[in-house]
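Visitor:
In the working numbering, the protein residues as written are 3 to 687.
#1: DSSP has residue 185 in a bridge; who is on the other side?
#2: On the three-state DSSP scale, how would you describe residue 270?
#3: Give, in chain order, every unbroken run of the alpha helix (DSSP H) that is at least 4 residues long and sits entirely within the segment 570-654.
#4: Using a Cβ-Cβ distance cut-off of 8 Å, determine whether residue 226 contacts chain B.
#5: Run the CB neighbour count on residue 302, radius 10 Å, all protein chains shown included, and call it buried at 16 or more, exposed below.
#6: Going by CA-CA distance only, name the one from 649, 512, 472 and 386 that's closest to residue 481.
#7: Could you spell out the range, first to last residue, of the beta strand (DSSP E) harbouring residue 118?
#8: Please confirm if the segment 79-88 is in contact with the segment 139-159, defined as three or more CB-CB distances below 8 Å between the two stretches.
#9: Within the segment 291-330, note down every full alpha helix (DSSP H) run reaching 4 residues or more, in order along the chain.
#10: To the nearest angstrom, how far is the alpha carbon of residue 45 from that of residue 97?
#11: Quick one: Cα of residue 281 to Cα of residue 420, how far?
#12: Please go through the segment 205-242 and give each complete alpha helix (DSSP H) segment of 4 or more residues, from N-terminal end onward.
#13: Taking the straight line between their C-alpha atoms, what separation do you get for residue 208 and residue 338?
#14: List the endpoints of the continuous beta strand (DSSP E) containing residue 56.
#15: Any chance the segment 324-336 sits against the segment 283-293, with 3 or more Cβ pairs inside 8 Å?
#16: Around the C-beta of residue 468, are 16 or more other C-beta atoms found within 10 angstroms, so that it is buried, or is it exposed?
#17: Do residue 49 and residue 139 come within 8 Å of each other at the CB atom, strictly closer than that value?
#18: Contact between the segment 182-189 and the segment 125-137: three or more CB pairs below 8 Å?
#19: Among the candidates 72, 105, 64 and 71, whose CA atom is the shortest distance from the CA of residue 87?
#20: Taking the alpha-carbon of residue 279 as reference, which of 296, 564 and 488 has the nearest alpha-carbon?
#21: Cutting at 8 Å between CB atoms, please list the residues of its own chain near residue 344, excluding the five before and the five after it.
#22: Would you kindly check if the distance between the Cβ of residue 340 and the Cβ of residue 318 is under 8 Å?
#23: Going by CA-CA distance only, name the one from 43, 25 and 26 that's closest to residue 33.
#24: Going straight from the alpha carbon of residue 351 to that of residue 308, what length do you get?
#25: Report the rounded CA-to-CA distance for residue 274 versus residue 478, giving the unit in angstroms.
#26: For residue 676, which residues from the same chain have a beta carbon less than 6 Å from its beta carbon, with the 5 sequence-adjacent residues on both sides left out?
#27: Give me the residue from 212, 206 and 243 with the minimum Cα distance to residue 234.
#28: Cβ of residue 629 within 8 Å of Cβ of residue 646?
#29: What is the rounded straight-line gap between the Cα of residue 672 and the Cα of residue 569?
#30: Please report the residue range of the beta strand (DSSP E) in which residue 395 lies.
#31: What's the call for residue 219, buried or exposed, on a 16-neighbour Cβ count within 10 Å?
#32: Pull up the distance between the alpha-carbon of residue 91 and that of residue 100, whole angstroms please.
#33: Quick one: Cα of residue 148 to Cα of residue 24, how far?
#34: Reducing DSSP to helix, strand and coil, say where residue 37 ends up.
#35: So residue 618 and residue 649 are supposed to be a Cβ contact under 8 Å. How far apart are they, rounded?
#36: Beta carbon of residue 170, beta carbon of residue 245: below 8 Å?
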């Protein structure tokens with residue numbers, strides 16, 4: 003069936019997917035927006051070698067989810083993620099039904115750009131002749147996903163809201179009604195304290211927004227950063243005469259994992275005014291206002307998403323002392339210092355800060371709410387606290403005319419570095435850049451080897467960071483498993499089921515995770531050893547390049563034996579100094595004339611008197627017995643001083659022979675020959 007559609011050159015299955023299962027799908031009919039006509043999909047499942055192990059011309063979404071679990075699918079390929087559901091939130095809900103190890107790829111998306119399926123298919127050797135049918139499209143999507151082509155789509159973290167409010171609304175009434183309302187507010191306050199205590203005992207991270215009133219609370223909303231199932235085990239939904247507790251799961255959206263684009267690196271100062279309505283302001287270190295807004299829907303994850311759209315936070319600022327708990331938690335999550343003013347800012351001070359900002363930046367700012375004003379005033383106040391240091395640092399860097407990233411240097415001030423420390427760091431970076439550029443511009447082949455070593459070391463260090471992160475994830479999973487086992491043991495006390503050897507299960511799981519951690523540690527140790535070895539090799543290359551630049555040594559071609567093919571290669575690639583190192587002690591007689599025509603100067607680590615005399619008879623200078631360092635199969639290193647002395651000796655031998663033949667060379671001729679040779683070495687160094 004597929005042969006009529008495309009020609010299959012070869013499926014380039016990567017070596018790292020030896021046990022991977024991929025599933026491709028394409029919509030056949032129906033519409034994700036329709037309740038009466040739900041979509042049906044063509045489905046193809048491939049093993050790691052690209053062989054079809056299951057296919058279905060039409061399957062519902064329920065069937066696809068079952069197949070993913072049944073075949074333990076690692077990657078799902080689709081040409082449009084919104085074929086699964088009409089909105090990002092609905093797609094996120096579907097992705098949460100997949101196993102945690104399953105990745106979803108939109109195979110037609112590369113670096114935020116849509117790429118047609120035919121172009122993507124050609125990358126794996128599939129040449130489309132006509133528009134593919136749904137089952138054929140599903141097969142192509144599976145192959146592309148198996149090769150990791152496209153963009154991964156992931157569901158963002160789920161949250162759960164706990165809403166504590168009055169059980170019913172109160173209408174107009176007399177004094178008894180007022181007493182009843184106060185009683186409800188007191189009951190809400192009591193329930194909020196109880197919920198807070200339960201969440202903290204379970205060590206669940208949360209934010210809380212409360213609406214205060216006389217005698218208690220009107221309502222409270224907890225945003226818990228955990229799934230609803232976990233929250234319901236701690237806090238139960240409830241409805242009584244006075245208070246009700248509602249638990250709502252929140253599926254945020256989907257996230258497109260960009261493989262090529264790097265995040266913006268601009269350092270930012272964040273002003274925040276937490277509350278029922280949260281104010282948020284973002285400015286950079288050049289006082290550019292990037293964002294100011296307020297919303298009742300902003301929680302910590304939403305705030306973090308907005309911040310990272312503009313850059314990297316270096317300081318979180320508030321306008322109150324002591325700071326709000328939500329601001330402390332946000333700074334802790336971001337690993338960023340929290341700026342707290344010496345005293346809470348009053349309205350007049352905030353207005354002055356806003357006016358100062360407008361005059362300084364020559365901009366008109368539209369402030370819609372007091373929350374936006376408070377957030378921006380916090381950010382401006384924090385900037386002014388560091389302004390003198392930032393200006394002084396910028397002035398000194400400009401005076402020194404050092405080509406470094408100014409924003410990066412400024413961001414170090416917020417990390418507690420002094421101006422002198424930052425200047426030393428900048429100078430060190432600049433000197434490193436000069437050193438790298440000096441030796442990378444040399445025209446020797448092995449200079450590339452140092453760069454390759456650097457790249458390889460960087461790759462290995464990145465792999466170590468990745469493995470270390472994986473190691474930490476496994477440790478966290480181990481702690482979660484231990485906690486889960488403890489919960490199971492606690493629940494077993496209240497169950498009348500058969501006895502289970504929980505301790506045995508616990509020990510098996512602990513041993514499994516400990517073995518994984520041990521293996522990862524071994525991999526990290528091996529990579530570190532390899533990095534040390536490459537660092538030593540890099541150091542040797544740098545020492546060699548230093549000696550080359552100082553003209554103490556020369557890197558010359560090396561021949562294990564002399565053949566016509568080797569001489570032909572040298573005629574096209576040999577450097578102008580015409581020096582070669584020969585490992586053997588023999589040069590075929592028929593090649594001596596060619597050697598002479600090419601004006602080559604052969605160097606032997608050792609040679610017989612016969613071959614030396616043979617070369618002298620052909621008027622070819624020959625150097626024997628000097629110290630030669632072998633660099634690799636193609637190149638060797640010789641000392642320039644030893645070479646000069648040996649060259650004088652070789653020319654003297656030629657001179658002696660010519661005298662015997664009554665062909666005289668004067669002393670000036672010898673000096674001229676040596677000078678020309680030395681000049682050629684200097685020109686080629």
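Built from N, CA and C at the ideal position, the CB exists for glycine as well.
This one's a predicted model, so the numbers in the text were calculated from it and none came from an experiment.
Guide: Taking the coordinates as given:
#1: Looking at the DSSP assignment, residue 185 forms no beta bridge with any residue, so it has no partner.
#2: strand
#3: 594-599 and 611-619
#4: No chain B is present in this structure, which holds just one protein chain.
#5: buried
#6: 512
#7: Neither: residue 118 is in no beta strand (DSSP E) and is coded neither H nor E.
#8: yes
#9: 302-310
#10: 17 Å
#11: 32 Å
#12: 230-236
#13: 19 Å
#14: 54-61
#15: no
#16: exposed
#17: no
#18: no
#19: 64
#20: 296
#21: 323
#22: yes
#23: 43
#24: 27 Å
#25: 31 Å
#26: none
#27: 206
#28: no
#29: 28 Å
#30: Counting along the chain, residue 395 falls outside any beta strand (DSSP E), though it belongs to the alpha helix (DSSP H) covering 372-402.
#31: buried
#32: 15 Å
#33: 6 Å
#34: coil
#35: Not confirmed; about 14 Å, so no contact.
#36: no
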